[in-house]
Amino acid sequence: MVPPLLINSFFEDFPSIVIIVWVLAIVFFFVLISLVFFLKVVRFRLRKEELFVETQSKKYEENIVDYLYSNENSHELNSAQKEIIDKLKLSLVRSLDRKIFINTLLKLKGEVSGNMITVINQLYKDLGLATQAQSKLHSKKWHIIAIGIRDLRRFKVLEAQDEVAKCINHSKMEVRRQAYLYFINLFGFKGLDFLDELKSSISIWDQIGILDALQGMETQEVPDVRKWLSSENDYVVLFTLELVKAYNLRETQKELLLLIKHENKEIRLKTIRLLNYLYIIEAKQVLINTYENLTIKEKIAVFELLENIGVEVREEGAFVLKHINSKVFEIKVLALKILKQIDISKFIGLKNETNVLANLKVINYLENNP
Amino acid sequence: MDASSVMYYVLLIIHFLFLAYSFLVLLSYGILAIFSRKETISYLRKNSFVNYKDILSSELAPGISIIAPAYNESLNIVENVRSLLSAHYANYDVIIVNDGSTDDSLDRLIKAYNLEKVEYLINERIKTKPIRAGVFKSKNPAFEKLIVVDKENGGKADALNVGLNISKNDYVACIDVDCLLMEDSLQKMIKPFLEYTDRRVIASGGVIRIANSCIIEDGKLMDVNYPKITLVRLQILEYLRSFLLGRMAWSKLNGLLVISGAFGMFDKNIAIKVGGYNTKTVGEDMEIVVRMRRYMEEQKIEYKVAYIPDPLCWTEAPENYKTFISQRNRWTRGTIETLKEHRVIGFNPKYRVLGMLSFPYWFLFERMAPIVEVLGIIYFTLLLFVRNIQWDYALGFFLAAYFSSVIYTLLAVFSEEFTFHQYKKKGEGFQLVLSAFIEPLLLHPVVLYAAVKGNIDYYFNKNLKWGEMKRKGLTNK
Amino acid sequence: MDKTQKIVIAEDNSVFLLLIKLKLEKEGYELFVAEDGKKALELIETHQPDLILTDIMMDYLSGLEVISHVRNVLKMDVPIIVFSASGQEEMVTQAFNLGATDFMVKPLIPNELIIRVKRALV
C-alpha cells in the first residue's frame with residue numbers, strides 16, 4: 001500500500017495547499033455568519049416595510065378621498081384642497097411613499113369614471129409628480145424610462161408627447177410598448193399614427209395590449225388603415241391585419257388580395273386567414289392560382305377558406321378533388337369535407353374506391369360528423 | 001524512475017484532480033449565482049410593467065392545450081381536473097390522458113363531468129399505443145374545455161404524445177395531473193412565446209414549488225407553510241437552489257436543458273416535428289428539451305427556451321426516504337440516458353452554448369459529480385486504512401466545502417426573500433437557516449446514494465421502469 | 001323616514017370602498033363595509049341591512065356566492081346591487097338568475113351609484 005512517507009512529502013512539497021484550504025474555510029465561515037445575520041435583518045426589514053406600506057396606503061386613501069370630496073362643484077382649488085396638497089407634497093419626498101401614493105391613485109382610477117378621473121389626473125400634476133415622471137425620460141436606465149412613460153400614460157400627461165415620441169424606436173421592448181400605449185391611451189385611434197414612424201417590431205404581446213387599449217376608447221372611429229398595409233415594416237403590416245380583423249374593415253379588400261403575394265410568409269398566412277374571416281369570395285381564385293407557391297401552413301389555410309366560403313365553380317371543385325389524397329393530413333380532411341358538401345355521391349363512392357386505411361378512417365368520420 | 005516516485009506522481013495527479021474539480025464546482029456555483037442575480041433583477045423589472053389583464057379578454061390569445069397524463073390517480077383525479085379547468089385564460093382546453101389505468105379513474109371522471117364518448121379524428125403524427133375506451137367529452141357545456149382520452153398503458157411519454165396528437169392548439173402545457181396550478185400560470189407561461197420577434201421561443205419552463213403542508217381549498221392555494229417533516233424541508237431548499245439560482249442563471253445564458261416534467265409549455269408543432277416525447281427514457285422531460293434545442297440548432301433558427309421564476313405550480317414532494325430515493329434514482333437515469341443519446345452535441349462548437357456550455361456542465365457537474373464523489377470517498381477510506389491522512393488538510397478541505405455549500409443555499413434563500421417571499425411567517429427564517437446547515441449532512445448523502453443506485457441500475461438493471469410515487473393527495477388537508 | 005337605512009358593501013378595492021362609504025354616509029345611510037365575501041355575510045346576518053352592494057369578484061366568497069347565500073339560505077329579499085367589470089357579462093347573467101336586483105359596470109360614476117341606491121330603497 002501507499003507508504004506514509006509519500007503523502008507527507010506531498011504536503012511538504014506543497015504546504016501552501018493546506019494553507020489555502022484553511023484560509024478558504026475561514027473566509028467562508030465569516031461570509032456564512034454574516035449572511036445569516038444579514039438574512040435576519042432582511043426578513044425584519046421586509047416585514048416592517050410590509051406594515052409601512054399598509055399604513056401609508058390607508059393614510060393616502062383617506063387623503064385622496066378627502067381631497068375629492070372637499071370640492072365637488074367648482075374647478076378651482078379651494079383652501080381645504082390646497083392644504084391637502086401641501087401636506088401630501090411633504091410626505092411624498094420619499095420614493096417609496098410616492099410609489100405607494102401613485103398605486104393608491106391608480107387603484108381608485110380603475111374603478112371610477114367621469115369627472116373624478118379628470119380631478120385625479122389634475123391632482124397628480126398639482127403634486128409635481130408629472131414633472132418628475134417627465135424627468136425620468138432622460139434617465140440612462142431603461143426601466144426608469146419605462147416607469148416614467150407608464151405613469152405619464154396612466155395620468156394622461158399630454159405635455160410629454162414629444163419626449164415620448166422619441167422612445168417609439170427604443171431598443172428595449174418594454175420601453176417601446178409603454179410608448180405605443182401612451183399614444184393610444186391619450187389619443188385613441190389618432191395615436192396609431194406612430195405606426196408611420198415605426199422602424200422596430202411589434203410583438204403579438206404588444207398587439208394584444210394596443211388592441212385592448214383601443215377597445216377601451218370612447219369613440220370608435222377607425223381611420224383609414226390602408227397605407228399601413230403597404231408599409232415597409234412587416235410588423236406594421238402584421239399589426240394592421242389584426243386591426244382589419246378586429247374592426248371588420250372589408251374596404252381593405254384590394255390591398256389584402258395583393259398581400260397574398262407578399263414575400264413574408266407570416267403576412268401571407270395571416271392574410272389568407274383574414275380573407276377567410278372576412279368572407280371575401282374573390283380570394284378563392286387568386287389563391288388557387290398561386291397555390292403551388294405557398295407553404296404547407298398557407299395551403300391548409302387556403303383549404304380552410306374554401307371549406308368556409310364554399311366551392312361553387314367547377315374548376316374549384318376539380319382543384320379540391322386533386323387534393324383528396326394529399327400527404328398533408330389537414331388538407332386531405334378538408335378536401336374530403338368539401339367534396340362531401342359539393343358531391344355527396346362521389347364522396348360515398350370513394351369508400352369503395354379507396355383502399356388506403358387512413359383515408360377510409362377520415363371518410364367514415366366525416367360521414368357521421370358534420 | 002523507481003516505483004515509489006511513480007507512486008508519488010500518481011498521487012500528486014489524483015490530489016490535483018480532486019482539488020481542481022472542487023475548485024471548478026465552486027467557481028461554477030459562483031458564476032451561476034452572479035448570472036442568476038442579473039437575470040432575477042431584470043425579470044422583476046420587466047415583470048413590473050406587465051399587464052396580464054389584456055390577454056384575458058383578447059381574441060389574439062393563442063390556444064393552449066393542457067395535457068395531463070394520469071395513471072391510477074383515481075383518488076384525486078376529479079378534484080385535480082377541476083383545478084385544471086379553473087385557469088384564468090380565454091382560449092384553452094384540458095386533455096386528460098388516462099394511460100391504461102387499472103383503477104376506476106375513467107368511471108369517476110365520466111360520472112363527475114357527465115362525459116360521453118365522441119368520435120374524434122386523430123392525426124397520428126407521433127406513433128403511440130392505441131386508444132382503449134375512446135375519447136370523451138362532457139355533455140355539460142360548463143365543462144366544454146375538457147377532453148378525456150382513454151388509452152392503453154404506454155408510460156408517461158406515450159401518454160403525452162397522445163395528447164400532442166389530439167391537441168388542436170398551437171401550444172401545449174404538459175403537466176402532472178396532481179400538480180396544483182395557479183390561476184394565472186397559463187398567462188405567464190405563454191407570454192414569452194408572444195413577446196419575442198427576433199427569435200422563436202420553443203418552450204417555457206415554470207418553477208415547481210413544494211406544496212406539502214400548504215393549505216389548499218377547492219383547488220386554490222390559500223396559505224404557504226414551511227413543512228414540519230425534515231425530508232420535505234430539505235427538499236424545499238434544494239428546489240429553491242435549483243430553480244432560483246441554477247435555472248435562472250441558465251436562462252440568462254439561454255442554456256436551459258431541462259424543463260421540469262411537472263409543468264412546461266411547448267410550441268406544439270416543433271415538439272411534433274422532433275417526434276414528440278421519447279418513450280425509451282425515464283427522463284423524457286429533459287430529453288425532449290435537448291432534442292428540440294438540437295433541432296433548432298441544426299436548422300439554424302434563432303430560438304429561446306424561456307423560464308418563468310414565479311411560483312406557478314405546486315406539487316407534493318416525497319415524505320419518506322424510500323420514495324425519495326426511487327425518484328432521484330429515476331432522475332439520475334434520465335440524465336444519463338439523455339446525455340448519452342445526445343452525446344454528439346457535447347463540446348461541439350456547431351451547437352454553440354448548448355454544446356460548449358450546457359452539455360459539458362451537465363456532464364461534468366451533474367452526471368459525473370456522484371461518481372467523482374464516490375471515488376473521493378473510496379480514496380479517503382483507503383488512506384484511512386493505511387493511517388495516512390493529513391488531518392489538517394482533510395479537515396480544512398471538508399470545512400471549506402461544507403461552508404461553501406451552505407453559503408450557496410443561503411444565496412438561494414436570499415433570492416427567494418427578495419423576489420417571491422413565500423415563507424414570510426415569523427420563525428420560518430430561522431428554520432430555513434437551520435435546514436440549510438443540516439442539508440449537506442443529512443440530505444446530500446441520501447441524494448448521493450440514490451444517484452449511485454441510479455448509475456448501477458442504469459448499467460446493470462436495464463429493465464427498471466418508473467418507481468411508483470405514493471401520493472397522499474394535495475386536496476383538502 | 002323614521003330610522004336610518006342600513007347598507008352592507010362588499011368590495012375588495014379598499015380605496016373605492018372608502019370613497020363609496022363616505023359618499024353614502026353623507027346621504028344619511030348607515031354603512032357596514034367588508035373587504036371580502038365571508039365578512040360581508042357575517043355583517044348581513046348581524047345587521048339585517050336594507051340594501052346590499054357587492055362586487056362580483058372577491059376573495060374567499062365571490063359576489064355570486066353572497067347573493068346565493070342571502071337568497072337561498074338567509075331567505076332575505078333585500079335588494080342587491082352588483083358591481084361587475086367589463087368582460088364579466090356571463091357572471092352578471094348568473095347574478096340575475098340568482099336574484100340580484102340591479103348591476104353597475106365598473107368603472108362607474110359615484111353620483112350615478114347614489115341614484116341607483118335611492119331607487120332601490122324606495
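Chains A, B and C, in that order, are what the protein sequence lines are. At position 56 of the first sequence the residue is numbered 56 (the UniProt record's numbering), and the sequence of numbers has no breaks. At position 407 of the second sequence the residue is numbered 407 (the UniProt record's numbering), and the sequence of numbers has no breaks. At position 78 of the third sequence the residue is numbered 78 (the UniProt record's numbering), and the sequence of numbers has no breaks. Each residue gets a CB set at the ideal place from its N, CA and C atoms; glycine is no exception.
- Chain order gives the chain B residues near A:E174 as K46, F49, where near means a beta carbon separation below 7 Å.
- DSSP lists no bridge partner for B:V406.
- A:V42 sits close to B:E417, with the two beta carbons spaced by under 8 Å.
- Chain-ordered, the chain B residues with CB closer than 7 Å to the CB of A:V18 read D392, Y393, G396.
- For B:W314, the uninterrupted beta strand (DSSP E) segment begins and ends at 303-315.
- With contacts defined by Cβ atoms closer than 8 Å, A:E163 and A:L211 do not form a contacting pair.
- Take B:A450, set aside five residues on each side of it, and the residues of its chain with a beta-carbon closer than 6 Å to its own are I325, R328, N329, in chain order.
- Along the UniProt domain "Glycosyltransferase 2-like" (65-201) of chain B, the beta strand (DSSP E) occurs as fully enclosed runs of 3 or more residues at 92-99, 115-118, 131-138, 146-151, 171-175, listed in sequence order.
- Any Cβ of chain A closer than 8 Å to the Cβ of C:P107 would place that residue at the interface, and such an atom is present.
- Proximity of A:Q132 to chain B, defined by a Cβ-Cβ separation below 8 Å, is not satisfied.
- One thing to note: B:Y239 has its Cβ no nearer than 8 Å to the Cβ of B:E428.
- The beta carbons of A:K261 and A:N233 sit about 18 Å from each other, so the pair does not count as a contact at 8 Å.
- C:F103 has a beta carbon lying at 8 Å or more from every beta carbon in chain A.
- Between C:K3 and the set C:K21, C:L18, C:G28, C:L24, the nearest pair of CA atoms involves C:G28.
- Nearest Cα to B:K462 within the set B:V282, B:I378, B:V353: B:V282.
- With its beta carbon less than 8 Å from one in chain A, B:Y196 belongs to the interface.
- A:K107 has a beta carbon lying within less than 8 Å of a beta carbon in chain C.
- Across the stretch 418-442 of chain B, CB contacts with chain A closer than 7 Å involve H421, G429, V433, in sequence order along the chain.
- In the three-state DSSP reduction, B:E428 falls in the helix class (H, G or I).
- Scanning chain A for C-beta atoms nearer than 8 Å to the C-beta of C:S62 yields nothing, as the closest lies near 17 Å away.
- With a threshold of 16 other beta carbon atoms within 10 Å, B:D267 meets it and is buried.
- Within 10 angstroms of the beta-carbon of A:T252 lie 16 or more other beta-carbons, which makes it buried.
- Here B:D178 is not near B:K145, since their CB atoms are 8 Å or more apart.
- For A:V112, no alpha helix (DSSP H) run applies, since DSSP gives it neither H nor E.
- Secondary structure note for A:E315: its alpha helix (DSSP H) is the uninterrupted segment 314-321.
- Contact check for C:D50 against C:G63 fails: the beta carbons are separated by 8 Å or more.
- By the beta-carbon neighbour count (other beta carbons within 10 angstroms, threshold 16), B:Y423 is buried.
- Taking 8 Å as the threshold, the shortest C-beta distance from B:E144 to chain A does not fall below it.
- The secondary-structure analysis by DSSP pairs C:L53 across a beta bridge with C:I9, C:I81.
- For A:V23, the enclosing alpha helix (DSSP H) starts and ends at 15-69.
- By DSSP's assignment, A:E255 forms no beta bridge with any residue.
- The C-beta of B:D104 comes no closer than 8 Å to any C-beta of chain A.
- The beta carbons of B:F263 and B:C313 sit closer together than 8 Å.
- Beta-bridge partners assigned by DSSP to B:G206: B:I308.
- Cβ atoms of A:R98 and A:L68 stay farther apart than 8 Å, at about 19 Å.
- Proximity to A:L336 across A:E312, A:I288, A:V362, A:A318 peaks at A:V362, based on C-alpha coordinates.
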